[in-house]
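The working numbering puts the first residue of the first sequence at 5, with every later residue one more than the last. By construction, the Cβ of each residue, glycine as well, lies at the ideal position given by its N, Cα and C atoms. Since the structure is predicted, the reported quantities are computational estimates derived from the model, not experimental observations.
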Amino acid sequence: MSEQKRLFLVDAYALIFRGYYAFIKNPRINSKGLDTSAIMGFMNSLLDVIKRERPDHLAVCFDKGGSVDRVEMFSEYKANRDATPEAIKIAVPYICEILKAMHIPIMVKEGYEADDVIGTLAKKAEIEGYKTFMVTPDKDFAQLVSDNIFMYRPVFGGGYETWGIPEVQKKFEVERPEQVIDFLGMMGDSSDNIPGLPGVGEKTAKKFLAAYGSMENLLANTHELKGKMREKVEASKELGMLSKQLATIMLDVPVEFDEKDFEMSEPDIEAVTHLFQELEFRRLIDNFLKTFTSEDTAASNELSDASKADNTPKTTAKEQISAGSGQFSLFGGEPSSVSKLETVSEYTRKTAETSSHFYQSVASGMATKLFIKNLMNQTSVCFDTETTGLNPLTAELVGIAFSWEVGKGFYLPFPENKDAAQELIEQLRSFFEAEHIEKIGQNLKYDIKVLRKYNIKVKGKLFDTMLAHYLINPDMRHNMDVLAETYLNYTPISITELIGKKGKNQLSMRDVPLEKQTEYAVEDTDITLQLKEHFTKELSEANTQKLFDEIEIPLLRVLADMELEGINLDTEFLNSLSVELNNDIANLEKKIYEAAGEEFNIASPKQMGIILFEKLKLIDKPKKTKTGQYATGEDILSYLAKDHEIIRNILDYRGLAKLKSTYVDALPLQVEPSTGRVHTDYMQTVAATGRLSSNNPNLQNIPIRTERGRQVRKAFIPRNEDYTLLAADYSQIELRIIAALSEEENMIQAFNNGEDIHASTASKVFNVPLNEVTREQRSNAKTVNFGIIYGVSAFGLSNQTDLSRTEAKELIDTYYTTYPKLRNYISKQIDFARDHGYVQTVLGRRRYLKDINSRNAVVRGAAERNAINAPIQGSAADIIKIAMINIHNKLVTNNYKTKMLLQVHDELVFDVYKPELETIKTLVKTEMEKAFKLKVPLDVDLDVGDNWLEAH
DNA sequence: CACATGTGCAA
DNA sequence: TATTGCACATGTG
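Right, dumping it as C-alpha cells:
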C-alpha cells in the first residue's frame with residue numbers, strides 16, 4: 005500500500021438508523037428512562053471503524069432540513085417516510101456532543117442531504133490526492149465510487165466490505181459506477197419515494213442498462229421495446245428523467261475541504277468518558293479507552309481473523325462414540341493447551357472475576373459411573389439436552405450438558421444406537437428423578453418433553469431462566485443469546501455457527517465434532533447457571549418469586565403433559581370439507597372475474613385494490629394503507645357490500661379461502677405421524693400480559709363465529725368411543741375482574757344476581773327495563789364493555805358500531821356515569837403506572853410501561869391503554885393458570901384417565917373418560933371457580949359433546 | 001430462501 | 001384512533 009492519505013466520511017443518519025433498528029427488539033433504556041439505542045448503535049459503529057482502520061482524516065456528515073432542491077423537483081420526495089422515531093431525535097444532540105468531545109469534525113449544510121455533502125467532499129479530496137472511504141450502508145453511494153473513492157459498508161452480522169469499482173460493476177452489472185444513477189432512476193427507490201419507471205424492477209433495470217447504458221439512451225430508443233413495457237416506458241419519460249435527477253448525488257454543495265480540519269486528533273478522553281458515564285455506557289467506555297490508548301490494534305484484528313480459520317481435523321461425535329461410548333468430554337482444561345480454545349479461556353476469565361471460581365482442569369476419560377456419583381452429590385445442577393431436532397416427539401438425544409459450578413461443566417455424548425442411548429439414560433434416571441436435586445435450565449419444557457420420550461420424569465425443584473426473565477420483563481425477548489448479552493456481557497456460540505442456517509445444508513447436531521458440541525452445550529449450561537444468580541435476585545426484588553415458584557414453574561410441567569398428549573383430529577371430515585369449499589370457491593371466483601371483466605389474483609390485495617378502485621371505481625376516495633396501496637380489508641369492503649354484488653362475492657371468497665388454507669387444509673398436515681394426533685406448542689413467555697400463546701398449529705384461533713367456520717371444530721374429537729370432550733369456560737372473566745378490582749357496586753350487583761352483563765349494562769345506560777333491552781342496545785353495550793377493557797376512545801367505538809362519533813362519546817359518558825368507580829379505577833391505574841413505571845396483576849405479575857410519561861400523545865396513549873388492559877388480561881391469565889395447575893394435580897394424583905388437552909385463554913378442553921364424566925365435571929367447575937377469590941364470583945360454563953363444536 | 005405486508009382468525 | 005396473539009398468500013430482495 006502507498007502512503008496515500010485516507011479520508012473517512014461517515015453518513016451519520018444512516019448509521020444512527022441502523023444502530024437504532026439493531027436494538028429494536030430490546031431497546032437500550034438507561035435508568036433515567038432514556039432510550040439510548042440509537043446513540044449506542046452509532047458509537048459502536050464509529051469506534052469500530054476507527055479501531056479497524058485508524059483513519060488519519062475523518063468527518064461525520066449530517067442532513068439538515070432535507071434536500072431543498074429535490075423537494076422542489078418532486079414534492080413527494082421522501083414524503084412516504086414515517087416520522088423519525090423519538091429515540092433518534094433525542095440521539096442526535098448527544099451524538100454531536102460526543103463527536104465534539106472526540107474532536108471529530110461534524111459536516112452539515114442546511115438544505116442538503118448528507119449524501120451530497122459526502123459526495124462533494126469526496127470529489128474535492130480526490131483532487132487533493134486522497135483515498136476517500138464513505139462509511140454508509142446506503143447503496144446509492146455506489147454512483148460515486150472511483151479509483152480513489154470507495155464505499156465502506158457495514159454488513160449484517162458484523163464486519164465491513166469495501167466497494168471499489170470492480171465490486172460496483174459486479175453488484176449492479178454496470179460498466180461505470182455513474183450508471184448506478186440510471187439504475188436507481190429506472191427501478192426507483194421506495195424508501196426515498198423515488199418513483200422510477202413503472203413496471204421496472206431490479207431485473208429489468210439491469211437488462212436496460214446492459215442494452216442502452218443510460219436512462220437517456222433508453223428513452224431515446226423506446227421504439228425497440230415491446231408490448232406493454234413499451235407503452236409504460238413511453239408514457240413515463242418525464243418520470244424517468246425526474247427519477248434519475250432525484251437519484252443523483254449533488255457534487256456542488258458549498259462546503260470547503262480544508263485538510264487540516266479533518267485530521268484526526270487526540271480526543272478529550274475525560275469529556276467523552278463523562279458523557280458515556282452519563283448515558284450509562286459501561287461497555288462503550290472500555291471500548292473507547294481501548295481504541296484510543298492501545299498501541300497495536302492491527303495485531304488484534306489479525307488475531308481475530310486468524311482465529312476464524314479452523315484447521316483442526318474434524319473428529320465427529322460418531323467416531324468418538326464408537327471409540328468408547330459413555331465417556332463424557334470436558335469443557336475446560338488449561339488455557340495454554342490449544343489456540344482454538346482461546347475464546348473459551350477468555351470467556352472463563354471473565355466469569356472468574358465475578359464468581360471467584362477459577363478455571364480448573366479435570367482429568368478426562370473419567371468413567372460415566374464416577375461422574376454420576378459426583379452428580380448425585382450436588383444439590384443444584386444446570387442441564388441442557390442436545391438433540392437431533394426441534395420436535396421433542398421425534399428428537400433423539402445427542403448429548404446432555406451439566407454444570408453446577410460457574411466456569412466448569414461436563415458433556416455426556418449419546419450413542420446413535422437407540423438401545424445404547426436408552427441404557428445410558430437409565431444410568432441418569434436417579435439424577436433426573438431425584439427430588440432433592442434442583443434442576444436448572446433454559447426452556448425446561450423442551451428438555452422435559454424430550455426426556456419423557458425416554459420414559460424419564462424430571463422431578464425435584466426447577467428453575468427456568470427463560471421463565472424467570474419473562475416475569476422480570478415480559479416485554480423483552482428471552483432467548484439465551486440475548487440474556488447472555490444483556491446480563492453477562494457475553495456472546496455465546498450461536499447455533500447457526502454450529503449447524504448452519506436452516507435449509508438443505510443444515511447439519512444435525514450429531515454431525516458436529518464432539519469438541520464443538522461440548523463447547524457449545526457446556527457454555528449454555530454455564531451461562532444458564534450464571535443467569536440464575538442474576539434472576540433469583542431480580543425475582544425477589546420485584547416480589548415475583550412466589551408467582552415464579554407457584555405458578556409458572558408448576559405450569560411448565562402441566563403444559564408439557566398437555567402438549568405430549570395432543571388431540572385427536574378427524575382428518576377425513578376435514579378432507580370432505582375441503583372438497584366442498586373448493587367447489588364454492590371456484591364458483592365465486594368465476595362470478596368475481598365476470599364482474600371485474602378480467603381474471604386477477606383475488607388473494608392479492610394489490611391487484612384487488614387496482615381492480616376495485618381504479619378499474620371499477622367503486623368509491624371516489626379510496627382509503628390507502630401506510631405503504632400507499634388501496635386498503636381492501638373487511639371493514640372497508642363491508643360498507644360497499646350492500647351496493648355491489650362483486651364485493652359480497654369477494655368477502656365470501658376471502659372467508660372461504662381463509663378457512664380452507666389456514667384450517668381445513670393445514671390442520672391435517674399437522675398431525676404428528678408418530679402419535680396420530682395434533683400437538684400444539686404452548687409458548688409461556690411470549691404474551692406480555694401473561695397469557696399463553698399457541699403454535700404449530702395455533703389451536704387458540706379455531707373459528708367459531710360463522711356457521712361455515714365453526715364446522716372446523718367438528719374435526720376435534722375424543723381419542724375413542726370411550727371418551728368424550730368437555731369444554732369449560734369462564735363466563736365474562738375479564739369484566740368480572742374489572743368490576744372486582746374497581747369495586748364498582750353497580751356492576752358487582754349485576755354479576756351477583758347472575759344477570760346477562762351486557763343486557764344489564766344496556767338497561768342501565770339506555771335507561772330501559774332489563775326485559776325491554778333491544779338487540780342493538782345490548783350489542784352496543786357489549787361493545788363498550790369490551791372497549792373499556794381495551795381503553796376505548798370515542799373514535800374507536802364509533803368505528804366498531806353504527807354510532808357516530810358524537811353518539812359514541814355520549815355513550816361512553818353515560819357509561820361512566822352508570823359505573824362511576826370504573827372511571828376512578830382507570831385513572832388510578834394510570835397514576836400508578838406513572839409513579840412506579842409498571843402495573844401489575846392480582847398475583848403481582850408486572851408489566852413495565854416505559855412510555856407512560858412520554859411527551860408524545862400517541863405513544864403515551866398506547867401505554868395508558870396497556871396500563872388498563874394488562875392487569876385485566878393478565879389477572880385472567882393468572883387465574884386460569886392456577887386452575888390448570890390444580891386440576892392437573894388432581895387428575896394425576898387420582899389416576900384419572902381423563903386428560904386436559906387445550907387452553908384457549910378462558911377455556912379448558914378435556915378428553916374425558918366417560919365413566920369419570922360426572923366426577924370430572926364437578927372437579928373442573930369447582931377448581932376453576934375457586935382458583936382465585938375476587939369480590940365477584942367466578943362462573944364456569946360446562947359443555948360436553950362428541951366433538952369440540954358440540955361441546956359448546 | 002428470508003422477510004415485509006395485508007388480511008383475518010381467536011379470546 | 002381498542003388488547004393479546006399466530007398464520008396464511010403475495011410480493012420483493
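Judged by beta-carbon spacing, Asn699 lies within the 8 Å limit of Asp685, meaning their Cβ atoms are closer than that value.
Rounded to the nearest whole angstrom, the CA to CA distance from Thr383 to Met566 is 29 Å. With contacts defined by Cβ atoms closer than 8 Å, Thr765 and Ala743 do not form a contacting pair.
By the neighbour-count criterion, in which 16 or more other beta carbons inside 10 Å mark a residue as buried, Met77 falls on the exposed side. For Pro141, no alpha helix (DSSP H) encloses it, and the DSSP letter there is neither H nor E. Counting the other Cβ atoms within 10 Å of the Cβ of Pro824 gives fewer than 16, which makes it exposed.
The beta carbons of Ser41 and Phe27 sit closer together than 8 Å.
In this model, Met44 and Pro158 are separated by some 16 Å (Cα to Cα).
Under the three-state reduction of DSSP, Met513 is assigned to helix. Counting along the chain, the unbroken beta strand (DSSP E) around Gly949 starts and ends at Val944 to Gly949. Linking Thr845 to Arg695 through their CA atoms gives a straight-line distance of about 12 Å.
Here the segment 576-592 does not lie against the segment 642-649, with fewer than 3 beta-carbon pairs under 8 Å apart. Where Lys662 is concerned, the enclosing alpha helix (DSSP H) starts and stops at Glu649 to Lys662. Per DSSP, Thr923 is one residue of the alpha helix (DSSP H) stretching across Leu921 to Glu933.
Secondary-structure assignment with DSSP links Glu442 through a beta bridge to Ser384.
Ranked by Cα distance from Thr372, the first of Glu390, Asp915, Phe435 and Thr391 is Phe435.
In terms of Cα proximity to Ile889, the closest of Thr295, Glu556 and Asp485 is Glu556.
In the three-state scheme derived from DSSP, where H, G and I count as helix and E and B as strand, Leu293 is classed as helix. Contact check for Tyr829 against Leu938 fails: the beta carbons are separated by 8 Å or more.
Note on Glu523: 16 or more other CB atoms within 10 angstroms of its CB, so buried under the neighbour-count rule. For the pair Lys625 and Ile444, the Cα-to-Cα distance works out to about 60 Å. Non-local beta-carbon contacts of Ala600 in its own chain, meaning distances under 8 Å to residues more than five positions away in sequence, involve Ile615, Lys619, Leu620 and Ile650 in chain order.
In the three-state reduction of the DSSP assignment, Gln907 falls in the strand class. Between the segment 446-457 and the segment 418-428 there are fewer than three inter-stretch CB-CB distances shorter than 8 Å, so the stretches are not counted as touching.
Classified as exposed, Phe799 has fewer than 16 neighbouring CB atoms from the shown chains inside 10 Å of its CB.
Ile503 places its beta carbon less than 8 Å from that of Val516.
Our two residues, Met380 and Asp943, have alpha carbons roughly 47 Å apart in a direct line. Proximity to Ile273 across Ala590, Asn291, Ala607 and Thr208 peaks at Asn291, based on C-alpha coordinates. The beta carbon of Val843 sits closer than 8 Å to those of Gln833, Phe836, Ala837, Arg850, Arg851, Leu853, Asn870, Ala871, Ala874 and Pro875, all from its chain and outside the five residues before and after it, given in chain order. In the three-state scheme derived from DSSP, where H, G and I count as helix and E and B as strand, Lys412 is classed as coil. Per DSSP, Leu401 lies in no alpha helix (DSSP H); the unbroken beta strand (DSSP E) holding it starts and ends at Leu401 to Ser407. As computed with DSSP, Trp952 is found in no beta bridge at all.
Under the DSSP assignment, Pro824 falls outside any beta strand (DSSP E), being part of the alpha helix (DSSP H) whose first and last residues are Pro824 to His840. Taking C-beta atoms as the reference points, Val716 and Tyr667 count as a pair closer than 8 Å. Short of 8 Å from the beta carbon of Ile589, and not among the five residues preceding or following it, lie these beta carbons of its own chain, in chain order: Tyr657, Leu660, Ala661 and Lys664.
Annotation: Glu603 to Ile596 spans about 8 Å, alpha carbon to alpha carbon.
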